[in-house]
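Counting in my numbering, the sequence shown runs from 96 upward without gaps.
Ideal Cβ positions, reconstructed from N, Cα and C, are used throughout, including at glycine.
All of these numbers come straight from a predicted model, not from anything done at the bench.
First the structure, in the form of structure tokens, and then the observations on it.
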Amino acid sequence: MTQTNAVERAFGLHDGFEPDDDGYLVTTTPFDGRVTVSDSIRVTVRMPMLSGVVADDSVADVVETGWFETLELRLEDAHTVVSSDDATPPTIRRDGDEVVLEVEFSGYPDKAAENAKAVVDFAEGTWMQGLIPGYDYDEPAAGMLNRAHQSYD
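Listed below in structure tokens is the structure:
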């Protein structure tokens, strides 16, 4: 079995992913999480900017910029959740009304799906930690906050 086949098998067996034309979709997050497999594994997570989830209020440009800069700093460690020495530091950028995180790694084929899921979970949790109190939120933030409060209670 080639390394690529072993990686694809790991994703096929993991219940957090569904096959897609270009790789795999992450099914455990409200964000757009995708994984492509070639010589390495590339995880891409697209998350809304703060203004994309705030309900009925406008977010000042200075707040949006500061929020993004803080999120960017927090996401710089996303590659450290991968159990491989081959994980590259992430690229993080704004793309319109979204934040895009990309992490690439190789290593143990049987751990590829778990490593990809760890990157997505890290991104989701880090994004959630950055929500600013005092705003009313639309989806996906509202549902995520509601689930977090229910889990806490």
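- Secondary-structure assignment with DSSP links residue 186 through a beta bridge to 197.
- Three or more beta-carbon pairs separated by less than 8 angstroms are not found between the stretch 175–185 and the stretch 220–228, which leaves the two stretches without contact.
- Residue environment for residue 129: buried (at least 16 other C-beta atoms within 10 angstroms of its C-beta).
- Taking each of 176, 150, 121 in turn and checking the Cα distance to residue 237, the smallest one comes out for 150.
- Comparing C-alpha distances from residue 135 to each of 100, 147, 121, 146 shows the shortest one belongs to 100.
- Taking the CA atoms as reference points, residue 109 sits about 19 angstroms from residue 199.
- Cβ-Cβ separation between residue 117 and residue 131: approximately 6 angstroms, consistent with a contact (criterion under 8 angstroms).
- Our two residues, residue 188 and residue 167, have alpha carbons roughly 8 angstroms apart in a direct line.
- Residue range 207–224 is occupied by the alpha helix (DSSP H) that includes residue 223.
- The continuous stretches of alpha helix (DSSP H) do not include residue 120, which lies in the beta strand (DSSP E) extending over residues 118–121.
- A Cβ-Cβ contact shorter than 8 angstroms links residue 194 with residue 142.
- Look at residue 144 here: in three-state DSSP terms it is coil, with no helix or strand label.
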